[in-house]
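*Asks:*
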Amino acid sequence: MSTSTQHQFRYTQTPSKVLHLRNLPWECTDDELVELCNPFGKIVNTKCNVGTNRNQAFVEFADLNQAISMVSYYASSSEPAQVRGKTVYIQYSNRHEIVNNKSPGDVPGNVLLVTIEGVEAGDVSIDVIHLVFSAFGFVHKIATFEKTAGFQALIQYTDAETAASAREALDGRSIPRYLLPEHVGSCNLRISYSAHRDLNIKFQSNRSRDYTNPMLPVNHTAIDGALQPAIGPDGKRKEPESNVLLASIENMQYAVTVDVLHTVFSAFGTVQKIAIFEKNGQTQALIQYPDVTIASAAREALEGHCIYDGGYCKLHLTYSRHTDLNVKAFSDKSRDYTVPDLSLLATQVPATCWQNPQAGPIYPVSSPALQAQVPGGQMPSWDPSQQAFRPSYVSTPESYPGQTYRGPPIPAYATAPSPHAQSNAIVHNASSMGVTQLGVPPNVNLQPGGPSPPVLGSSPLAQTSPVTGAAPPGHRPYYG
DNA sequence: AGCACA
7 MSTSTQHQFR
17 YTQTPSKVLH
27 LRNLPWECTD
37 DELVELCNPF
47 GKIVNTKCNV
57 GTNRNQAFVE
67 FADLNQAISM
77 VSYYASSSEP
87 AQVRGKTVYI
97 QYSNRHEIVN
107 NKSPGDVPGN
117 VLLVTIEGVE
127 AGDVSIDVIH
137 LVFSAFGFVH
147 KIATFEKTAG
157 FQALIQYTDA
167 ETAASAREAL
177 DGRSIPRYLL
187 PEHVGSCNLR
197 ISYSAHRDLN
207 IKFQSNRSRD
217 YTNPMLPVNH
227 TAIDGALQPA
237 IGPDGKRKEP
247 ESNVLLASIE
257 NMQYAVTVDV
267 LHTVFSAFGT
277 VQKIAIFEKN
287 GQTQALIQYP
297 DVTIASAARE
307 ALEGHCIYDG
317 GYCKLHLTYS
327 RHTDLNVKAF
337 SDKSRDYTVP
347 DLSLLATQVP
357 ATCWQNPQAG
367 PIYPVSSPAL
377 QAQVPGGQMP
387 SWDPSQQAFR
397 PSYVSTPESY
407 PGQTYRGPPI
417 PAYATAPSPH
427 AQSNAIVHNA
437 SSMGVTQLGV
447 PPNVNLQPGG
457 PSPPVLGSSP
467 LAQTSPVTGA
477 APPGHRPYYG
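The working numbering puts the first residue of the first sequence at 7, with every later residue one more than the last.
#1: Can you name the start and end residues of the alpha helix (DSSP H) that R305 belongs to?
#2: Is it buried or exposed, N116, if we count other Cβ atoms within 10 angstroms and call 16 or more buried?
#3: Out of curiosity, what's the CA-to-CA distance linking I313 and K153?
#4: Output needed for L185: all residues of its chain with C-beta closer than 6 Å, excluding positions within five of it in sequence on either side, in chain order.
#5: So what does L27 bridge to, in DSSP terms?
#6: In angstroms, rounded to a whole number, what distance separates the CA positions of R305 and L251?
#7: Tell me whether T164 is buried or exposed, calling it buried when 16 or more other Cβ atoms sit within 10 Å of its Cβ.
#8: Could you check the C-alpha separation between K208 and R179 for me, to the nearest Å?
#9: With respect to the alpha helix (DSSP H) encompassing A175, which residues constitute its N-terminal and C-terminal limits?
#10: In terms of residues, what are the limits of the alpha helix (DSSP H) holding D129?
#11: According to DSSP, is E41 part of a helix, a strand, or is it coil?
#12: When burial is assigned at 16 or more other CB atoms within 10 Å of the CB, is P407 buried or exposed?
#13: Pull the bridge partners of I122 from the DSSP assignment, please.
#14: For A175, which residues in the same chain have their Cβ closer than 7 Å to its Cβ, ignoring the five residues on either side in sequence?
#15: Would a C-beta distance cut-off of 9 Å place N106 and N51 closer than the cut-off?
#16: As a quick exercise: from I255, D315 and R196, pick the residue whose alpha carbon is nearest that of E309.
#17: Between which two residues does the alpha helix (DSSP H) carrying I207 extend?
#18: If I measure Cβ to Cβ from Q488 and keep anything under 8 Å in the same chain, skipping five residues before and after, which residues do I get?
#19: Since I147 and R215 should fall inside the 8 Å C-beta cutoff, what is the C-beta to C-beta distance between them, to a whole number of angstroms?
#20: Quick one: Cα of G287 to Cα of Q97, how far?
#21: So for F46, helix, strand or coil by DSSP?
#22: Would you kindly work out how many angstroms separate the C-alpha atoms of P182 and E123, rounded to a whole number?
#23: Taking all protein chains shown into account, do 16 or more other C-beta atoms lie within 10 angstroms of the C-beta of V224, making it buried, or fewer, making it exposed?
#24: Report the CB separation of F64 from K53 in whole angstroms; it is logged as a contact under 8 Å.
#25: Exposed or buried, what is P356 when buried is set at 16 or more other beta-carbons lying within 10 Å of its beta-carbon?
#26: Counting along the chain, where does the beta strand (DSSP E) carrying H268 start and finish?
#27: Secondary structure at V250, three-state DSSP: helix, strand or coil?
#28: By the 10 Å Cβ neighbour count, where 16 or more other Cβ atoms means buried, how is Q210 classified, buried or exposed?
#29: Can you give me the C-alpha to C-alpha distance between C319 and S326, rounded to a whole angstrom?
#30: Work out the CA separation of A87 and T263 for me, nearest whole Å.
#31: I want to check one thing, is the minimum distance from the CB of F283 to the heavy atoms of the ligand NAD below 8 Å?
#32: Whole angstroms is fine: what's the gap from P220's alpha carbon to V120's?
#33: Hey, could you find the ends of the beta strand (DSSP E) Y260 is sitting in?
#34: By how many angstroms is the C-alpha of A170 removed from the C-alpha of T299?
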């Protein structure tokens, strides 16, 4: 019986330029597959560590005849195909192409994402990184940062080939001992590809370098600050002020959208960019102002306050290490308000009138991607009549500090939170904040007449929550 | 040693 099924296997194999390899060592790499198969033709794709035992693989040749030549060769060879001494069984795959389900980090590019395992940010200087990676070609730019994954660096080369050679040589290896401080044990490099093509380096600093632009200003504070962190009068480490605030949102019973944050933080000045993300299961957001003064005012005023009544969405604000966020202009988790609204421009300016001829082709006026950002074809938070929309280059940030927030309603807490206040919620009556004009997330239930918080009317939370009804008498909004 | 995963 089993012999006949084997026969069936044999004879139902129609040639394919994709080969199925099995009995591989589980450690097998794509490179080893290429090494094995390359003599027979051009490999256009591979997929290794397939199956529960991770001992199968697929190799796709550019041409069917190349796959046939490999299968025929090993069919009649006395020496079986081998990887790491293990015999590898080869047959035609029953598919005709390898589906490209490579994770983003496997898609080759000219920028590498390097995770330096087992070290702190201070252990490996950017100069050491530069030295190590320069062995493979000219390093254009380096940006380093710390994430939950550890200390990471983006390394930009001229092209993907150079990047690939560096990755090939360094992935899984360690930075030479003599380049590391003594206390560092092992420090493996984990290298994948970044989706970036061109890094946006603003300063030469201890965290980032642009080797193509020697005229770039040097950020001494970043360098000095890292070497000698500022110490506050209480002896605690004081985070340097920044124009970018990091908001941690506690007790987030209700959705906090980009629009909500924009509304809340616009009370203090032009919000340039917002990014929302998750860290350790908590929602955090970065809010970028044009300058430190505005950020500082916003931080002072909003720290510890809640976006919604009832202690929901409590803000904890610190200064971010960022000075300029690199965010998608339109997404549900980020917004760049400094980017002109192309869809608005498009309605006012014929496409042929673009001043920058390059701008047109990059974002076609009828781009579905652009329209997809705005269900219904509207730009809720992009009303140009809103003060908050004004691009940063129009505003005069310098005027804010002494100006005690003219324009939008002045939150009382901005100057002096009253100790008698019964609530520290920022939003009691959302309509008074102009939320309705700014574009309300569909799930926010606004009741313009009443002082109720913009709770999620349709959410089960709204039903179960004890504090979703109208505020008690005397429970006045902080907004006059 | 026998066909992936979105």
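Every residue gets a Cβ at the ideal spot worked out from N, C-alpha and C, and that includes glycine.
*Replies:* So, from the data block:
#1: Start at 1 with the first residue of the first sequence, and residue 305 comes out as number 299. R305 -> alpha helix (DSSP H) spans V298 to L308.
#2: Taking the first sequence and counting its residues from 1, one reaches residue 116 at position 110. Burial state of N116 is buried, judged by a 10 Å Cβ sphere holding 16 or more other Cβ atoms.
#3: Numbered from 1 along the first sequence, position 307 holds the residue referred to as residue 313. Numbered from 1 along the first sequence, position 147 holds the residue referred to as residue 153. Going from the Cα of I313 to the Cα of K153 covers about 27 Å.
#4: Position 179 of the first sequence, counting from 1, holds the residue named residue 185. Closer than 6 Å at Cβ, skipping near neighbours: V134.
#5: Residue 27 sits at position 21 when you count from the first residue of the first sequence. Its beta-bridge partners are A63 and I96.
#6: Residue 305 sits at position 299 when you count from the first residue of the first sequence. Residue 251 sits at position 245 when you count from the first residue of the first sequence. Rounded to the nearest angstrom, the two C-alpha atoms are 7 Å apart.
#7: Reading the first sequence from its first residue, position 158 is the one you call residue 164. It is exposed - the Cβ of T164 has fewer than 16 other Cβ atoms within 10 Å.
#8: As a position in the first sequence, residue 208 is number 202, starting the count at 1. As a position in the first sequence, residue 179 is number 173, starting the count at 1. Answer to the nearest angstrom: the Cα atoms are 30 Å apart.
#9: Stepping through the first sequence from its first residue, residue 175 is reached at position 169. Run containing A175: A166 to L176, per the alpha helix (DSSP H) assignment.
#10: Here residue 129 corresponds to residue number 123 of the first sequence, with the count starting at 1. Run containing D129: none; DSSP gives neither H nor E here.
#11: Looking up residue 41 in the first sequence gives position 35. E41: helix per DSSP, three-state reduction.
#12: For the purposes of this step, residue 407 is taken as the residue at position 401 of the first sequence. Any reading at P407 needs caution, since the residue's pLDDT is 35, under 50, leaving its predicted position unreliable; the model's value is listed next. That one is exposed.
#13: Sequence index remark: in the first sequence, residue 122 carries index 116 (1-based). According to DSSP, I122 bridges with F157 and L195.
#14: The residue given as residue 175 occupies position 169 in the first sequence. Result list for A175: F142, in chain order.
#15: Locating residue 106 in the first sequence gives position 100, where the first residue counts as 1. Locating residue 51 in the first sequence gives position 45, where the first residue counts as 1. For N106 and N51, yes; Cβs fall inside 9 Å.
#16: Along the first sequence, read from residue 1 onward, the residue named residue 309 stands at position 303. For the residues I255, D315 and R196, the minimum Cα distance to E309 belongs to I255.
#17: Within the first sequence, the letter at position 201 stands for residue 207. Segment: none, I207 is in no alpha helix (DSSP H) and carries neither H nor E.
#18: Past the boundaries of the shown model lies residue 488; the chain is included only from 7 to 486, so the question cannot be answered.
#19: Position 141 of the first sequence holds residue 147. Position 209 of the first sequence holds residue 215. The amino acid at residue 147 is misidentified as Ile; the sequence shows Lys. Indeed they touch by this definition, with Cβ atoms about 7 Å apart.
#20: By one-based count along the first sequence, residue 287 stands at place 281. By one-based count along the first sequence, residue 97 stands at place 91. Roughly 46 Å between the two C-alpha positions.
#21: The sequence position of residue 46 within the first sequence is 40, counting from 1. Here F46 sits in helix by DSSP.
#22: Here residue 182 corresponds to residue number 176 of the first sequence, with the count starting at 1. Here residue 123 corresponds to residue number 117 of the first sequence, with the count starting at 1. Computed Cα separation, rounded: 14 Å.
#23: Numbered from 1 along the first sequence, position 218 holds the residue referred to as residue 224. Per the 10 Å Cβ criterion, exposed.
#24: Here residue 64 refers to the residue found at position 58 when the first sequence is read from its first residue. Here residue 53 refers to the residue found at position 47 when the first sequence is read from its first residue. Confirmed, Cβ separation roughly 4 Å.
#25: As a first step, residue 356 must be located in the first sequence, where it is residue number 350. Low per-residue confidence applies at P356: pLDDT is 42, beneath 50, and the placement is therefore not dependable enough to give any value.
#26: Taking the first sequence and counting its residues from 1, one reaches residue 268 at position 262. Boundaries around H268 are those of the alpha helix (DSSP H), V264 to F271, since no beta strand (DSSP E) includes it.
#27: As a first step, residue 250 is located in the first sequence; it is residue number 244 there, counting from the start. Strand.
#28: Start at 1 with the first residue of the first sequence, and residue 210 comes out as number 204. Buried is the call here.
#29: What you label residue 319 is simply residue 313 of the first sequence in a count that begins at 1. What you label residue 326 is simply residue 320 of the first sequence in a count that begins at 1. The alpha-carbon atoms of C319 and S326 are separated by roughly 19 Å.
#30: Walking along the first sequence from the start, residue 263 turns up at place 257. Walking along the first sequence from the start, residue 87 turns up at place 81. Looking at the two C-alpha atoms, the distance is approximately 56 Å.
#31: This structure lacks the ligand NAD; in fact it carries no ligand of any kind.
#32: Residue numbering aside, residue 220 sits at position 214 when the first sequence is read from its first letter. Residue numbering aside, residue 120 sits at position 114 when the first sequence is read from its first letter. Their Cα atoms are separated by approximately 24 Å.
#33: On the first sequence, position 254 is the one that residue 260 refers to. Per DSSP, Y260 belongs to no beta strand (DSSP E) and is neither H nor E.
#34: As a position in the first sequence, residue 299 is number 293, starting the count at 1. As a position in the first sequence, residue 170 is number 164, starting the count at 1. Distance between the alpha carbons of T299 and A170 is about 44 Å.
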